[in-house]
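Before any comments, here is the structure.
Residue numbers (our numbering), protein chains in the order written: chain A, 1253 to 1899; chain C, 1253 to 1899.
See below:
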């Protein structure tokens, strides 16, 4: 039954022929891949993919689609259209409650933040429609605008610069949203935000020492060293009233205790939310009744009630500082967006709805532009408020409207009262919000998982702490990008082997010790997404070293390398340096009588190689779709020409 | 013969069981991959890999190895040890000829370059051991040091700054070489060098207008606009002698004609090589005999003969400009290295020998340090000289020694003569060398192959041309790195399908239109080497859009997506943002009742996911080694629970 030797060889040859046919066919697929699009087409596609959300829906084909499109566009702009039709009285009860709770948290917080931004307190309250000023943006704004003009010297110029910055921040936000550049927000990585927030929280806390101790001459700088030096100097130079400190600390303890109670007993969630307002009212009344402001307790003093006045005339679009103001606007806008979108995303994933980052950016941008025209400074989404709003049981955006009305009423009625609010209370309200910003657990998790991310985190943290807020941001973004570049530069190669029990599965022999290499064939995978100027030389050297090393080591077993298979499946892009490198590698290997085989180049790489006429130099016969095909082809060559094993 | 239905089912189930066993085994390999090395180990390995060339050879195990190691180390430092033993009289004849030819090219070129660097001409000649000053470094040096001190105002301070810069350049070069940071040279990509050289050549040519026309008041700036303005101003303000121009142009034409002849007739290679020296001698004699220097022809004038004086006392390591000088030293050192290594590589690949970039860097660094102490300014390998040396038939480095001796003799004897050398001749010598630096063909090739590389090229070119040399370099490096980052940010995803006629080969369905997708299973490959903060959000959105899109489109065929297979074989590294993204994607898909399956994560990714406890969240059963395994597992689940097709 068993075939004669001759027959067996002929069957084997037939089989080889069949295999070769399959290989050739697959190589043809590879080489005859779709033609590359022209440069212009590629550019247009790339831009339109970025700018237009859904290409197909942009030019609707019929009027019905068109109507639906317009309605969904309007819904996107005015969400009331989508929920307004189903709104019920029962829902209003929830929203009213949530709105009032929110207002009681927001009023003291916002006044505090305005203080942090070196602005008069009413500017914090003007901005309470849905979102409001947050600590980090306030700090950033005051730190950067102070470099242009000192608020103690020229408060009017300072305020107008702040509005101009807000205007630019809004313009940038809206522009980024309209151009669908939402990905810009991702430049601040998770690790960078953790570090930045931690550092900012400490800086913000230190700034509060001014009000808490009642210092008159403070520093404009934000770094730890300057602030602590200013504090110690004031102990020597100024006659400080201990009243400020006692007042601030006792209310801080009160707020923290209510928060602890609220956490233990979920039903009392409103207690920590109204505690700040309660503190402000009680403390203000105390100061007003005891006339403590005449005995060293610092109070707000400046407070102008009434609705937002227009601030169009305060915007400055000329003058020598325009460049700087634009830059600050860009930075503040991006940081505000980052915070808003981080908050939005965490609540979206909690509540299971989808958040369109670009739409959020447009909305926030227009809000800030309008804000800058009506005496509001840069605002953004705040985590603590959104959290309170949710836990207070809000149903729709009506809760925010309720809150806004409450704030407006306070602006009208409480003007007199807020005049006497002690600064120490505002400091304690802000201080009570800070522990949530410092996330040591997350920093530890980052350290465990990714040391490089931890360096980003620490870089942002210490940059903010010891230099300045914007340097901290720059360090974080810089390290993050340096890491991407470093990953590309330090591209590695790995030797692949066939997994036992599989036909065509080749894997890293370090990762899978069971993988076996085929004798005489060195399979090397390039471990980099891009084969470019930064890594092409080192990859060529690594490949040559692997070849020399293998040939040197296994001299005894007479199993030298006769073929090199270069697996390019990971290489997504190649530049001219990379192509030159491939040609050089080919030349170098051929001079050692080792043919270079290329397996699985990607579409973009094939197109580049075609234009560079690289295939002509390497030889079209040496390019295969899979490693398996390449290995089979090499083996059949070895069988056909056994002398090659001796070369 | 055919089995009963029941039997057939049982066989099928058995087969399924076998398949599942294989899958499970492979998944176990995947999950039980080697433990990640500790952070310290990884750091030490990474540093030692960069710093130590061959780890195994560093600590030799026996005395014989040790002896051989020391000898090869000495050979590396003093190559004469390797070729000196086989040197023959016949070889010296060749070397003598090559050395003399080289000297005749180098003397006029070096004096010209020293002039370009705003130094007295002898400084160019002092440095002629093996390599010498080149145009680009001379230009860079003069452009940057002129910003510190104007050579017209304080030539002594200028010269001492140049030596100090040379010292720092040498120190940086040696340090980079010793730390094996040779890859730093790759930061200037091929495209950047083409653009930079082209721009520098034009700038250098424009600088020569000063000598060629005989302008007395020129500009210190290097950009096209300033130089042309200075030239036109001089036409108005100065009484220019046409003699300079006529002299320069006629000898330029002479040099170019000899080059043309040399190219046509390979035997006359020495003609273009000695043409510059011939021109200098003839022109100098003409000026000396006709006393043309008293009739408006500008001559060198300052020339101090003799051997190199020591310049240790001229180095300045304190003073307010130290930081700037260090920076200039770094830039000049890197540019000099880039040029030298580019030259070295092209000749190495031509002649088929291997070039160790790090060793070259150490050698060049020490040479420049010694040079800075002996009145030499930053030197590097020059393409034109190396080419002449090779075509003159040099055998060993002896040809360079011959050249050096010739130069020293000229320094002693020709002092008087060189005093009368007209500046216009030096300009024409430099101008004749420039066309080789402008490589329009290569620029066109870059445009054809890679548009982004072309932008790098044009950026470097126009930066050098319109702003300054260092800005041109910065632009080129900046764009090159921005491109790496952009590639990572614009990471894409592609839908994979099974190739017909293969068992386990899945490919991009755009690249291979023949690939067929499995119904109900969406296979998505992440097209990026790194899954990080910069692209994780966009990848998540792309995956979700693909799922929604497929579900939306194929509603008619009732073939909704039931499983998503995420092929991670391209992802070489992941950071905390990437891991958070995977968890979010999992949560989002599960909420739509679609399990997320991960195929072929790499070793580094697996280790990160293990530390982040990501497997616990995703479920270990949903991770497979190959796409094929993942698809089979999904299919068997679908068979086992047909109701899932209706979910």
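Just so you know, even glycine gets a beta-carbon here, dropped at the ideal spot from N, CA and C.
Note that this is a predicted model, so its numbers are computed, not measured.
{"query": "Contact with chain C by residue 1849 of chain A, beta-carbon distance below 9 Å", "result": "no"}
{"query": "Residue-chain proximity (residue 1739 of chain A, chain C), Cβ-Cβ < 9 Å", "result": "yes"}
{"query": "Backbone secondary structure at residue 1309 of chain C - three-state DSSP", "result": "Low local confidence applies: a pLDDT of 40 at residue 1309 of chain C is under 50, so the model's placement there is unreliable, and no value is given."}
{"query": "Proximal chain C residues relative to residue 1501 of chain A, where beta-carbon distance stays under 9 Å", "result": "Within chain C, no residue comes near residue 1501 of chain A; the closest Cβ sits about 37 Å away, beyond 9 Å."}
{"query": "Buried/exposed call for residue 1550 of chain C, threshold 16 Cβ in 10 Å", "result": "buried"}
{"query": "Contact between the segment 1354 to 1365 of chain C and the segment 1523 to 1537 of chain C (3+ Cβ pairs under 8 Å)", "result": "yes"}
{"query": "Proximity below 9 Å, CB of residue 1573 of chain C to CB of residue 1413 of chain C", "result": "yes"}
{"query": "Three-way DSSP call (helix, strand, coil) for residue 1702 of chain C in this model", "result": "coil"}
{"query": "Proximal chain A residues relative to residue 1786 of chain C, where beta-carbon distance stays under 9 Å", "result": "1435, 1438, 1439, 1441, 1732, 1733, 1736"}
{"query": "Where the segment 1754 to 1767 of chain C meets chain A: residues whose CB sits under 8 Å from a CB there", "result": "1754, 1755, 1756, 1757, 1759, 1760, 1762, 1763, 1764, 1765, 1766"}
{"query": "Per-residue contacts from residue 1864 of chain C into chain E (C-beta, under 8 Å)", "result": "This model lacks chain E altogether; the protein chains it does include are A and C."}
{"query": "DSSP-derived helix/strand/coil call for residue 1889 of chain A", "result": "helix"}
{"query": "Residue interval of the beta strand (DSSP E) (run including residue 1819 of chain C)", "result": "1815 to 1819"}
{"query": "Contact list for residue 1824 of chain C against chain A, beta-carbon separation under 9 Å", "result": "1739, 1743, 1744, 1779, 1780, 1781, 1822"}
{"query": "Complete alpha helix (DSSP H) runs within the segment 1437 to 1493 of chain A (minimum length 4 residues, chain order)", "result": "1442 to 1465, 1476 to 1489"}
{"query": "Where the alpha helix (DSSP H) containing residue 1776 of chain A begins and where it ends", "result": "Not the alpha helix (DSSP H): residue 1776 of chain A falls in the beta strand (DSSP E), residues 1773 to 1779."}
{"query": "Contact set between residue 1775 of chain A and chain C, taken where Cβ atoms lie within less than 9 Å", "result": "None at all; the shortest Cβ gap to chain C is about 15 Å."}
{"query": "Sequence-distant residues of its chain with Cβ nearer than 8 Å to residue 1718 of chain C (five each side left out)", "result": "1475, 1476, 1477"}
{"query": "Three-way DSSP call (helix, strand, coil) for residue 1847 of chain C in this model", "result": "coil"}
{"query": "The ligand NAP heavy atom lying under 8 Å from the CB of residue 1794 of chain A", "result": "Ligands displayed in this structure: none; no statement on the ligand NAP is therefore possible."}
{"query": "CB contact check: residue 1450 of chain A to chain C, cutoff 9 Å", "result": "no"}
{"query": "Under 7 Å by beta carbon: chain C residues contacting residue 1790 of chain A", "result": "1435"}
{"query": "Per-residue DSSP class, three states only, for residue 1875 of chain C", "result": "strand"}
{"query": "Nearest candidate by alpha-carbon position, reference residue 1701 of chain C, set A:1579, A:1650, A:1844, A:1864", "result": "A:1864"}
{"query": "Contact check, residue 1887 of chain C vs residue 1773 of chain C, beta carbons under 9 Å", "result": "yes"}
{"query": "Exposure label - residue 1884 of chain A; buried when at least 16 CB within 10 Å", "result": "buried"}
{"query": "Any 3 or more C-beta pairs closer than 8 Å across the segment 1786 to 1804 of chain C and the segment 1833 to 1848 of chain C", "result": "yes"}
{"query": "Contact with chain A by residue 1750 of chain C, beta-carbon distance below 9 Å", "result": "no"}
{"query": "From C:1407, C:1455, C:1441, C:1293, residue whose alpha carbon lies closest to that of residue 1683 of chain C", "result": "C:1455"}
{"query": "Boundaries (first-last residue) of the alpha helix (DSSP H) holding residue 1546 of chain A", "result": "Premise fails: residue 1546 of chain A is in no alpha helix (DSSP H) and is neither H nor E."}
{"query": "Short CB-CB distance (under 9 Å) between residue 1588 of chain C and chain A", "result": "no"}
{"query": "Where residue 1831 of chain C meets chain A, residues with beta-carbon distance less than 8 Å", "result": "1701"}
{"query": "Near-chain A residues of the segment 1538 to 1554 of chain C (beta-carbon distance less than 8 Å), N- to C-terminal order", "result": "none"}
{"query": "Beta carbon of residue 1836 of chain C nearer than 9 Å to that of residue 1870 of chain C", "result": "no"}
{"query": "Cβ contact (3+ pairs, closer than 8 Å) linking the segment 1695 to 1715 of chain C and the segment 1743 to 1761 of chain A", "result": "no"}
{"query": "Completely contained beta strand (DSSP E) runs for the segment 1706 to 1764 of chain C, where each covers 3 or more residues", "result": "1744 to 1750, 1758 to 1760"}
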